[in-house]
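94 is the number of the first residue of the sequence shown in this note's numbering; add one for each residue after it. Even for Gly, the Cβ is constructed at its ideal location relative to N, Cα and C. Just so it is clear, the structure is predicted and the values come from calculations on it, not from any experiment. Shown next, in structure tokens, is the structure this report addresses.
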Amino acid sequence: MELIQQLSQELKLRPAQVEAAVRLLDEGNTIPFIARYRKEMTDSLDDAALRDLSDRLEYLRNLQKRREEVIRSITEQEKLTPELETAIQAAATLAEVEDLYRPYKPKRRTRGSIAREKGLEPLAAAIRVQNTLREPLSMAAEYVNPEKGVETAEDALSGAMDIIAEDISDDGEIRKALRLLIHRAAVVTATGDSTENTTYKMYYDFKEPVGRIAPHRVLAINRGEKEGFLKTAIVLEEEKALEAIRRKTVIANNACSRAVMEAAADSWKRLIAPSMENETFRELFENASEQAIRVFAENLHHLLMQPPLTGQVVLGWDPGYRNGCKLAVVDPTGQVLDHGVIQVTQSEGQKKKAEALLLSMIQKHHVTLLSIGNGTASYETEQFAARLIQEHQLKDVHYLITNEAGASVYSASKLAQEELPEYDVTIRGAVSMARRVQDPLAELVKIDPQAIGVGQYQHDVDQKALAGTLDGVVERVVNHVGVDLNTASPALLRHVAGITAATAGNIVAWRNANGRFTGRRQLLKVPRLGPAAFTQCAGFLRIHGGKSPLDDTPVHPESYALAQQILEKLGFALEDLQDKEKLARLAARRKQVDEARLARELEAGEPTVHDILDALVAPGRDPRSDLPAPLTRQNIVKLSDIKVGTILRGTIRNVTDFGAFVDIGIKTAGLIHISHMSQKRIKHPLDVVSAGETVQVKVISVDEGRGRIGLALVKADA
């Protein structure tokens with residue numbers, strides 16, 4: 094119950110909501126399922142809130158587990174006191190638990206531990222009490238013991254000072270005070286003098302307060318240090334640190350007090366400062382990583398939610414120099430119609446052959462869109478495509494550039510051999526490129542999310558945390574959009590709630606052996622997909638043209654009877670969902686429904702009734718269709734065409750902490766710095782723009798020499 098109360102207070106949720114969510118999670122329910130189909134139990138906690146709760150729940154349970162481990166270890170040493178146990182149980186973070194455990198943690202042999210072995214701990218304790226006027230050296234004379242290696246009083250005092258220094262370093266209260274001081278008064282520094290690398294030039298003489306350093310700068314200097322171009326440090330005025338320690342250790346004004354002060358100085362320089370510098374850098378890096386992962390996740394979400402360009406015959410174009418450009422034409426369903434290889438960067442003769450083949454493929458298959466990969470030779474390829482469109486007046490043909498350099502190649506390597514067994518792996522890349530604009534989500538899930546590249550410093554952050562967060566984003570989007578059970582690949586199916594990679598393969602194998610699914614209940618015939626998995630996944634899988642029109646909606650099979658009751662209450666029947674005119678009347682009738690009253694009449698939950706009504710009026714609806722379509726072009730813009738003051742349309746390719754990079758139709762992406770996104774101060778660029786969004790921008794600077802274009806946001810297209 095204490096755990097429920099703590100989660101409730103921290104997350105600002107009612108205890109009943111938390112208790113229900115924790116119970117559902119512990120029972121093995123997936124987050125998408127709880128968010129969509131158990132709203133009455135959690136009072137409509139959404140996916141994001143449930144993920145936050147799940148993460149915090151895991152942390153707090155791990156924290157309690159560590160508390161118990163520490164208490165058990167100290168108990169075994171027969172050193173546990175009631176006060177210490179209370180302090181450990183009250184520790185709010187893992188760091189606090191470790192601070193309390195530090196004095197009792199098994200250590201390698203240190204100067205302090207060696208002094209203890211020599212019997213000098215009582216001397217150290219007597220000095221630290223500071224309640225005598227005796228000189229410490231005089232006190233130390235009583236502990237001379239040549240048999241234990243204590244030859245002189247000076248040896249004894251030196252050993253005692255080592256023990257005091259170590260005890261000060263292990264004091265949790267002292268470390269807590271110093272940790273706060275470092276965050277308030279210390280600075281991060283970076284230095285470098287490399288003439289071979291200018292990437293980190295701005296950090297060669299860098300200082301910024303620990304409490305204010307931007308996350309992306311932390312990641313930059315971390316990378317620079319790893320690559321050997323930077324040396325970093327946490328700098329705190331020594332006197333400030335010693336004053337903080339003295340306040341906790343010096344309680345008198347005598348010779349023993351001065352000895353304690355001397356030991357404190359040694360403790361700070363030799364033990365505490367190096368330890369806390371590492372700890373501070375680790376904390377800064379972890380916080381910066383969390384921020385970078387959040388930005389990456391937000392970018393990925395918007396990228397995956399890009400609306401599909403349906404009804405297009407697409408020519409996927411994988412650019413290249415030496416081995417040429419790979420082409421593949423796919424029809425609106427993604428089936429390959431044609432493929433080939435052309436050279437657009439070699440001799441004039443090869444360019445003419447390329448033009449003839451390309452024109453032939455476009456005309457033969459009525460291609461309407463060219464999807465060009467943003468990789469090697471993409472700029473030359475774009476120029477070639479734009480010239481072809483203009484010279485041959487291909488008014489119905491447009492082109493666009495796919496988002497990520499290298500992602501097409503990665504995607505091609507991930508495409509299962511059985512998907513396109515008759516094509517060379519290089520051609521599969523072009524096929525993937527074409528299919529990506531037809532359904533971005535279905536293709537992008539085949540790529541390792543880290544390889545998509547819509548973030549910052551993604552290779553520097555905690556890879557396990559990054560993978561877990563990005564997998565959660567993919568899961569959230571896939572289940573929000575829904576999956577066509579009869580066309581989905583195993584790569585897409587495995588992200589559906591309740592479906593494992595093995596089960597996804599079994600679904601496709603069953604489909605290949607038995608033909609199309611005609612009803613959701615057929616899933617129970619799939620090997621290793623039992624009732625529990627069916628409950629979790631069924632509502633997120635769609636069947637177009639199946640036996641029941643409800644199978645093409647987000648209505649869960651457990652609510653089919655309720656859905657039919659709702660239709661009857663409104664004067665409609667199930668088959669009316671397949672009649673456009675009746676469906677239009679149902680949509681009009683839905684606007685007049687008193688949902689609360691209807692829910693009471695049917696003894697059902699109001700959130701469920703609301704969701705069913707929304708689903709009934711739009712069977713087969715793709716939520717991505719509400720978003721603006723990707724920006725396509727027919728003409729290429731040259732860098733020389735870019736003038737300060739020009740207003741352009743572009744597509745946000747990547748969002749970072751400091752701004753957003755925009756594809757404005759030339760090889761070089763323009764940058765909208767955060768300071769040019771709004772007349773008002775904003776906390777983060779993601780508050781204003783998102784990856785994949787089409788925006789209007791004004792050119793505010795052009796640096797041809799450095800290949801940089803500065804932009805200001807005019808407005809985001811609605």
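Could you compute how far the alpha carbon of residue i sits from the alpha carbon of residue j?
i      : j      : result
Glu797 : Glu370 : 42 Å
Ala762 : Gly413 : 20 Å
Val190 : Lys132 : 37 Å
Thr225 : Asn347 : 8 Å
Pro108 : Ala631 : 30 Å
Ser501 : Thr562 : Residue placement at Ser501 is poorly supported in this model, since its pLDDT is 49, which falls under 50; the coordinates still yield a value, given next. So the two alpha carbons sit approximately 22 Å from each other.
Ala722 : Gln399 : 7 Å
Asp812 : Arg683 : Here the chain comprises residues numbered 94 to 811, so residue 812 is not present and cannot be evaluated.
Ala356 : Val115 : 49 Å
Ala560 : Ala626 : 23 Å
Asp38  : Ala188 : What the structure shows of the chain is the stretch from 94 to 811, and residue 38 is not part of that stretch, so it cannot be assessed.
Ser251 : Glu120 : 59 Å
Leu823 : Pro125 : Coverage of the chain is limited to positions 94 through 811, which leaves residue 823 absent and any answer about it impossible.
Leu462 : Gln405 : 7 Å
Tyr197 : Leu271 : 20 Å
Lys300 : Ala233 : 45 Å
Glu383 : Arg375 : 12 Å
Ile261 : Ala366 : 12 Å
Gly499 : Val538 : In this prediction, Gly499 has a pLDDT of 48, which is less than 50 and means its spatial position is unreliable; what the coordinates show is noted afterwards. Looking at the two C-alpha atoms, the distance is approximately 15 Å.
Ile735 : Val795 : 7 Å
Asn728 : Gly758 : 8 Å
Arg160 : Lys294 : 45 Å
Ala681 : Ile127 : 30 Å
Leu193 : Arg202 : 20 Å
Arg726 : Arg387 : 31 Å
Phe751 : Lys444 : 41 Å
His394 : Val567 : 7 Å
Arg351 : Gly242 : 26 Å
Ser823 : Gln98  : Summary: the structure shown does not reach residue 823, with the chain confined to residues 94 through 811, and so no result is reported for it.
Leu616 : Ile600 : 8 Å
So residue i and residue j are supposed to be a Cβ contact under 8 Å. How far apart are they, rounded?
i      : j      : result
Val327 : Val281 : Looking at the sequence shown, residue 327 is not Val but Ile. That pair is a contact at about 6 Å.
His649 : Asp577 : 17 Å between Cβ atoms; not a contact.
Leu676 : Leu667 : With 8 Å as the limit, Leu676 and Leu667 do not qualify as a contact, their Cβ atoms being about 12 Å apart.
Val782 : Met770 : 7 Å
Glu178 : Ile164 : 6 Å
Under a CB-based cut-off of 8 Å, is residue i close to chain D?
i      : result
Phe389 : Among the protein chains of the structure shown there is no chain D, as only one such chain exists.
For residue i versus residue j, is the C-beta spacing smaller than 8 Å?
i      : j      : result
Ala421 : Ile520 : yes
Phe610 : Asn572 : no
Ala805 : Ile793 : yes
Pro74  : Ala390 : Because residue 74 is not part of the residues shown, which for the chain are 94 to 811, the question remains open.
Pro583 : Gly565 : no
Leu408 : Ala594 : no
Val813 : Val423 : The structure shown does not extend to residue 813, since the chain is modelled only from 94 through 811, so no value can be given for it.
Leu100 : Val111 : yes
Leu534 : Leu709 : no
Lys333 : Ala258 : no
Ser464 : Thr426 : no
Gly612 : Asp645 : no
Leu452 : Leu493 : no
Gln629 : Ala656 : no
Ile181 : Val353 : no
Val530 : Arg717 : no
Val237 : Ala218 : no
Lys673 : Leu691 : no
In the DSSP assignment, what residue or residues form a beta bridge with residue i?
i      : result
His432 : Ala421
Lys324 : Thr284
Asn747 : Phe754
His649 : Paired residues: none, contrary to the question.
Glu301 : Val281
Val819 : In the structure as shown, the chain begins at 94 and stops at 811. Residue 819 is therefore absent and cannot be evaluated.
Trp410 : Leu420 and Ile465
Val576 : Leu634
Pro735 : Looking at the sequence itself, residue 735 is Ile, so the reference to Pro does not match. Beta-bridge pairing links Ile735 to no other residue.
Gly763 : Val755
Flag this pair as touching only if the segment 330 to 337 and the segment 265 to 283 have three or more C-beta atom pairs under 8 Å; answer yes or no.
-> Judged by Cβ distances under 8 Å, the segment 330 to 337 makes contact with the segment 265 to 283, as three or more pairs qualify.
Would you call the segment 736 to 744 in contact with the segment 775 to 789, where contact means no fewer than 3 C-beta pairs closer than 8 Å? Touching, per the Cβ criterion.
| query | Are the segment 428 to 444 and the segment 472 to 480 touching, with three or more C-beta to C-beta distances below 8 Å? | reply | Contact holds: three or more Cβ-Cβ distances are below 8 Å.
Touching by the beta-carbon criterion (3+ pairs, under 8 Å), the segment 283 to 295 and the segment 311 to 328: The segment 283 to 295, when compared against the segment 311 to 328, does touch it at the 8 Å Cβ threshold.
**OP:** Tell me, please, whether the segment 208 to 218 touches the segment 242 to 262 by the rule of three or more beta-carbon pairs shorter than 8 Å.
**Re:** Yes, the segment 208 to 218 touches the segment 242 to 262.
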